[in-house]
Amino acid sequence: WSQWSMCSVSCGGGQQHRSRICSSPPCSSLSRQSKTCNTHVCLGSTGSVSVAKAVLLTVPSVCEHGRWNCSLQHCPVHGGLSPWSSWSACSLSCGGLGLKTRTRSCSQPAAAHGGRDCQGARQETTFCQAPQCPVDGGWSRWSPWSRCDKRCGGGRSIRTRSCSSPPPKNGGKKCQGEKNHVKPCNTKPCDDKGCPPGQEFVSCAKQCPQKCADLQQGIECQESGECQPGCRCPEGGRPAVSPVGGAREPDTVDGGWTPWSVWSDCSVTCGHGTQIRTHACINPPPRNNGSDCLGPERETRDCPTLPCLGLFTDFLLFIIMLYWIYILYSEPGFVVAFDGISADDLCPWSPWSSCSQSCGAGSVSRRRMCLCEAAGDETCPAEIEAERNRQENQLCYKQPCPSKLQSTRVFRELPSLLTISIK
């Protein structure tokens, strides 16, 4: 036999071999032998190796090359989390807060052979701010037709509209269509002086005051008595009556805004509120197809107020208020003796008045009404006079005001109410 060969591995179980040569005559026994070697566990190995059986065959055997296969147990594999995926698209495409998510899986590696599953969240969700939604533009109403730019010979009248109802915002589409409309007007030809048919040109009207026809045709009287030239009906004539019964369309008057009103009171007593102011299109109002006023009829602005306190703070203030009431009114009432009759008999208290506030903190009062006063006596006895018209005040708290407990109001009114009670 030759020497045993080097072990095939340094640890974890390997093999060594030796052989011999048969010269003559031919041999009937094995020419090669194998055995296991270095079966100790490798240092730093994450698993374990177990050998079920290892047999060194030294006699003739049917095993090929003298080997006997053995099965090794599978080592457990613990699961590992993959990296996070990219964030998903926001759940809202526009107009507010949406949600987005990202995920990961237990696949690097997946748990196997009894290994532990992955620990930790497989999905995360967070808020996302969607952009403002686009607003497509819309046309405003058509303005009234403008006055014809010529008295005769063919002029133009124009009406307009704007892309402001609403204006396009946040990438919205612009208005489609024409912004201006033009139509012909006063198409009758003019004479050589530029007057409509049937009218004559005059360098000046007669002395002021002028006729109605002069005023209608634009011949203006000046303070000096002079006038401007223009066209008018011949002497003794009248302007032709239009089919609708008028000599000439009255002048259009465009609307004008009144001055802004003062700002209103704040809409809330605490927290975030608003104020408004308004003006009206009556200075003057639009007449005879005149244009409406441009711009909003009212404006809004934020108004600063005190912050609203929490419910716990309101409750604490209410307890403090009740404590002060107890301190101020727990002592016995003032009694004056008069011939064995107390002031309560001669000057009884009136019933308590209603609370001065329907909600939140308020006050109630009562006063003494002396019998001698009710009987018509000019003066009451000196002992009773001190009690005459004496008044008492107390705090009252019926219910919380709507929406918010008015703790700020309690803060403002409590000192004055306590002062009244002490007096």
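full-length UniProt numbering numbers the first residue of the sequence shown as 1 and each following residue consecutively. Built from N, CA and C at the ideal position, the CB exists for glycine as well.
- Query: With distances taken between CB atoms, is the gap from residue 78 to residue 115 smaller than 7 Å?
  - Reply: yes
- Task: Use the C-beta contact count for residue 392: other C-beta atoms within 10 angstroms, 16 or more gives buried, fewer gives exposed.
- Result: It counts as buried.
- Message: Just to confirm, is the Cβ distance from residue 258 to residue 283 under 7 Å?
- Response: yes
- Task: Under the assumption that residue 159 contacts residue 145 (Cβ atoms under 8 Å), give the Cβ distance between them as a whole number of angstroms.
- Result: 5 Å
- Per DSSP, what kind of secondary structure is residue 414 in: helix, strand or coil? Interpretation of residue 414 is limited by its pLDDT of 47, a score under 50 that renders its predicted location unreliable; the figure taken from the coordinates is listed afterwards. Note: residue 414 maps to helix in three-state DSSP.
- Query: Taking all protein chains shown into account, do 16 or more other C-beta atoms lie within 10 angstroms of the C-beta of residue 96, making it buried, or fewer, making it exposed?
  - Reply: exposed
- Query: According to DSSP, which residues form a beta bridge with residue 86?
  - Reply: For residue 86, which the question treats as bridged, DSSP gives no partner whatsoever.
- Beta-carbon gap between residue 152 and residue 174 smaller than 7 Å: no
- Message: Can you find the residues in the same chain that come closer than 6 Å, C-beta to C-beta, to residue 293, ignoring five residues on each side of it along the sequence?
- Response: 255, 257 and 281
- Task: From the DSSP output, in three-state form, read off residue 20 for me.
- Result: coil
- Relative to the alpha-carbon of residue 32, which residue among 178, 267, 20 and 39 has its alpha-carbon at the smallest distance? 20
- Please go through the same chain and pick out, in chain order, the residues whose beta-carbon is closer than 7 Å to the beta-carbon of residue 120, but skip the five residues on each side of it. 81
- Message: Can you list, in chain order, the residues of its chain with a C-beta nearer than 6 Å to that of residue 134? Leave out the 5 residues immediately preceding and following it.
- Response: 170, 171 and 172
- Which of the three DSSP states, helix, strand or coil, is assigned to residue 92? Residue 92 sits in coil when the DSSP states are folded into three classes, being neither helix nor strand.
- Message: Can you look up residue 425 in the DSSP assignment and give me helix, strand or coil?
- Response: Lying outside 1 to 423, the shown extent of the chain, residue 425 is not represented and no answer is given.
- Query: Any idea which residues DSSP pairs residue 124 with across the strands?
  - Reply: 102
- Query: From residue 463 to residue 8, what does the alpha carbon distance come to, in whole angstroms?
  - Reply: It is not possible to answer for residue 463, since the shown part of the chain is limited to 1 through 423.
- Message: For residue 4, which residues in the same chain have their Cβ closer than 6 Å to its Cβ, ignoring the five residues on either side in sequence?
- Response: 16 and 18
- Item | Range covered by the beta strand (DSSP E) that runs through residue 158 | 155 to 160
- Buried versus exposed, by CB contacts within 10 Å (16 or more), residue 6: exposed
- Sheet register partners of residue 173 (DSSP bridge): Residue 173 pairs with nothing; no bridge assigned.
- Alpha carbon to alpha carbon, what distance is there between residue 302 and residue 180? 38 Å
- Message: Distance check for residue 131 and residue 163, CA to CA, integer angstroms please.
- Response: Residue 131 has its alpha-carbon roughly 23 Å from the corresponding atom of residue 163.
- Query: Of the choices 86, 295, 125 and 260, whose alpha-carbon is the least far from that of residue 165?
  - Reply: 295
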